[in-house]
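Asks: I'd like to ask you about the structure that follows.
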Amino acid sequence: MNLFLDALRWIFSPERLEGSYALPILLAQQLYYTAVAVAIAAVIAVPLGWLIGHTGRGREAAVAISGAARAIPSFGLLILLVLVFGVLRTPQAAIVTFVLLAIPSLLAGAYSGLEAIDRRTVDAARAMGMTEWQILWRVEVPLGLPLLIGGLRAATLQVVATVTIAAYVNLGGLGWPIIQGIPLRRFDQVLGGALLVAVLALVLDFLLGMLQRAVVPRGLRETRSGRRAAPKNSADPAPRAAVAAG
Amino acid sequence: MGWIGDNLGLIGGLGLEHLRQSAIAIVLGFALSLPLGWVAWRYRLVRGWVITITGLLYTIPSLALLILLPTIVGYSPISQTNLIVALTIYAVAILVRAVADGLDSVDPAVRQSATALGYGSARRFWAVELPLAGPVILAGLRVTAVSTISLATVGALVGVGNLGYLFTNGLQRRIIAEVLAGVVAVVVIALVIDLLLLLAGRALMPWARPDGRRARRRRVRAALPMGTTA
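Taken in sequence, the protein lines are chains A and B.
Numbering that gives the first Met the number 0 puts the first residue of the first sequence at 0, with every later residue one more than the last.
Numbering that gives the first Met the number 0 puts the first residue of the second sequence at 0, with every later residue one more than the last.
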């Protein structure tokens, strides 16, 4: 338990605000890589997921590819891409790694959100004379939003946890005190870094959980309140462990 | 590619070690998750807690867990025990929910029929509920197996020997083939284990085979959490 006190002392020491490895800088780096990677992944995966969900085609392929992608160790992929891209392009290699990591969860969130919609609702929209675009934008997307945000939540957690290993290829981030501290046996800073990453992950999870709840359309909130909606929405954390830093 | 040919022994040895560490964690995680999942399913009050706590476990980055655990429990961070315990925790986090969801998926009418036929709660669990929950649990187990095998590589960062060593060593020596061999070996092991679990599931649960229309629909639903977690 003393080590915990040491770690807290390390975190709150005034020295942590100095130099190029100051904690606010490391935190900003961690968030920067997470945000950029998740944003790029969303631009790729969300339209694709909606397409799969709307047309009902390509789902099997998406599931198979997502499953296979889960088997790829991010840690190994990062190092492989760093070596292939060259040392000067390390940040790009990291972004590509994290984008690939985020895509399966976002894709699954996008198409499962559309798939979970009662077919009768979509048929009713079509019967009212809505065009396919209107059905997608006014019916399917709003109704699928909670599961999409669930996918975003899973992807963000996977990425923010995995960005920790970016420090191994000298990209900074909150993994830096951990990676640098292990060979030096400086366990106060190792534990300090680990605590900060865990806290950051918990905060992001909490915020995205709130967002997930906030985007439930009003119509759904009344009919499907509480328990029935809960198990499905909460089915998403499983991905996180999967990639907690793979 | 010359590197791979010269080091097949090393890759094989690390692969076996990797497989052994992952397998222990997967089996331990499964053994712990059955009773925990049952408790979570049986007692609604506990369920909220179990789901929340396992959800929180997910948010701890593996590198952080590999450092935090030895600090709390007091063993060496570079020991295999450390890696296996951490992997087991992640496995439990996925599987407890899968077991509870699986038991949820059992038709209450079937449960009542079993009770009406005179099945006690223990016999009903083993003979009726667990087999019927099997497909959902298997879906969770497959996710767990693949992610555990992939995640185990992080152990190399704290000095545990497995295929992750090829990544750290390959980066230091700038040998692309070595890193590539590691990635491919991990993916191959994960996919082979996934396939074995799928085949074992088919053999043990012939009723879950996707031949009929109803069976397929059920399978799709069972696969949903898996897809979401991908």
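No residue lacks a Cβ here, since even glycine has one placed at the ideal position from N, Cα and C.
Three or more beta-carbon pairs under 8 Å between the segment 87–100 of chain B and the segment 15–27 of chain B, yes or no?
Replies: As far as the Cβ criterion goes, the segment 87–100 of chain B touches the segment 15–27 of chain B, which means the pair count is three or higher.
Asks: Near Ile77 of chain B, what residues of its chain come up, given a Cβ to Cβ distance below 8 Å and the 5 sequence neighbours on each side ignored?
Replies: Around Ile77 of chain B: Val157, Gly158, Val159.
Asks: Going by C-alpha to C-alpha distance, which of B:Ile188, B:Pro205, B:Gly200 sits closest to Leu18 of chain B?
Replies: Among B:Ile188, B:Pro205, B:Gly200, the Cα nearest to that of Leu18 of chain B belongs to B:Ile188.
Asks: Against Val83 of chain A, what residues of chain B qualify as contacts under a CB-to-CB distance less than 7 Å, listed in chain order?
Replies: Residues of chain B passing the Cβ test: Ile175.
Asks: Look at the alpha carbon of Ala34 of chain A and the alpha carbon of Ile94 of chain A, and state the distance between them as a whole number of angstroms.
Replies: The alpha-carbon atoms of Ala34 of chain A and Ile94 of chain A are separated by roughly 10 Å.
Asks: By alpha-carbon positions, which one of B:Leu162, B:Gln171, B:Ala97 ends up nearest to Val183 of chain B?
Replies: Of the candidates B:Leu162, B:Gln171, B:Ala97, the one whose C-alpha sits nearest the C-alpha of Val183 of chain B is B:Leu162.
Asks: What did DSSP end up calling Glu16 of chain B once you bin it into helix, strand or coil?
Replies: Correct three-state label for Glu16 of chain B: helix.
Asks: Find out if the Cβ-Cβ distance for the pair Leu173 of chain A, Leu199 of chain A is shorter than 9 Å.
Replies: Yes, Cβ-Cβ distance for Leu173 of chain A and Leu199 of chain A is below 9 Å.
Asks: Skipping 5 residues on each side, what residues in its chain have a beta carbon closer than 8 Å to that of Leu170 of chain A?
Replies: So the list reads Gln28, Tyr32, Thr89, Pro90, Ala93, once near-sequence residues are dropped.
Asks: At a CB distance below 7 Å, what residues from the segment 57–91 of chain B approach chain A? Give them in sequence order.
Replies: Residues passing the 7 Å Cβ filter: Tyr57, Thr58, Ile59, Pro60, Ser61, Leu62, Ala63, Ile66, Leu67, Thr70, Tyr89.
Asks: Based on Cα-Cα distance, which residue from A:Leu79, A:Gly18, A:Gly150, A:Gln133 lies nearest to Ala107 of chain A?
Replies: It is A:Gly150.
Asks: Strictly below 7 Å CB to CB, what residues from chain B border Val35 of chain A?
Replies: Near Val35 of chain A there are no residues of chain B at all, since even the closest Cβ is about 19 Å away, more than 7 Å.
Asks: On a Cα-Cα basis, can you pick out the residue from B:Thr70, B:Ala176, B:Asp106, B:Gly73 that is closest to Gly4 of chain B?
Replies: It is B:Ala176.
Asks: Beta carbon of Asn6 of chain B, beta carbon of Ala180 of chain B: below 9 Å?
Replies: In contact: Asn6 of chain B and Ala180 of chain B (Cβ atoms closer than 9 Å).
Asks: Please list, in chain order, all residues of the same chain as Leu25 of chain A whose beta carbon is under 7 Å from its beta carbon, the five residues on each side excluded.
Replies: So the qualifying residues of the chain are Gly171, Gly172, Leu173, Trp175.
Asks: Compare the C-alpha of Thr53 of chain B against each of A:Leu201, A:Ile134, A:Arg212 and name the closest.
Replies: Out of A:Leu201, A:Ile134, A:Arg212, A:Leu201 has the C-alpha closest to the C-alpha of Thr53 of chain B.
Asks: Going along chain A in order, which residues have a C-beta closer than 7 Å to the C-beta of Arg163 of chain B?
Replies: A small fix is needed here, since residue 163 of chain B is Gly in this sequence, not Arg. Simply Phe74.
Asks: Do the segment 76–90 of chain A and the segment 124–140 of chain A make contact, defined as three or more Cβ pairs closer than 8 Å?
Replies: Taking 8 Å as the limit for Cβ pairs, the verdict is that the segment 124–140 of chain A does not touch the segment 76–90 of chain A.
Asks: Anything in chain A within Cβ reach of Val178 of chain B, meaning under 8 Å, just list it in chain order.
Replies: Within 8 Å Cβ-Cβ: Gly75, Ile78, Leu79, Leu82.
Asks: Buried or exposed for Arg58 of chain A, going by 16 or more other Cβ atoms inside 10 Å?
Replies: Flag for Arg58 of chain A reads buried.
Asks: Note down the Cα distance separating Tyr42 of chain B from Arg8 of chain A, rounded to an integer number of angstroms.
Replies: Cα to Cα, Tyr42 of chain B sits roughly 41 Å from Arg8 of chain A.
Asks: Count the other C-beta atoms from every protein chain shown that fall within 10 angstroms of the C-beta of Gly73 of chain B, then say buried if there are 16 or more, exposed otherwise.
Replies: Exposed.
Asks: Any beta-carbon of chain B closer than 9 Å to the one on Phe247 of chain A?
Replies: Past the boundaries of the shown model lies residue 247 of chain A; chain A is included only from 0 to 245, so the question cannot be answered.
Asks: Just by C-beta distance, which residues in the segment 185–199 of chain B are closer than 7 Å to chain A?
Replies: Of all residues in the segment 185–199 of chain B, Val185, Val186, Ala189, Leu190 have a Cβ within less than 7 Å of some Cβ in chain A.
Asks: According to the neighbour-count rule (16 or more other Cβ atoms, all chains shown, within 10 Å of its Cβ), is Pro182 of chain A buried or exposed?
Replies: Classification of Pro182 of chain A: exposed, given that the 10 Å Cβ count is below 16.
Asks: Kindly indicate if chain A contains any beta-carbon less than 9 Å away from that of Ile3 of chain B.
Replies: By this cut-off, Ile3 of chain B is not an interface position.
Asks: Which of the three DSSP states, helix, strand or coil, is assigned to Leu151 of chain A?
Replies: Of the three classes helix, strand and coil, the one that applies to Leu151 of chain A here is helix, per DSSP.
Asks: I'd like to know if the segment 104–120 of chain A and the segment 45–54 of chain A are in contact, where contact means that at least 3 CB-CB pairs between them fall below 8 Å.
Replies: Yes, since at least three Cβ pairs between the segment 104–120 of chain A and the segment 45–54 of chain A fall closer than 8 Å, the two stretches touch.
Asks: For Arg223 of chain A, does the three-state DSSP call read helix, strand or coil?
Replies: For Arg223 of chain A, the pLDDT reaches just 48, beneath the cut-off of 50, and the residue's location in the model is therefore unreliable, leaving the point undetermined.
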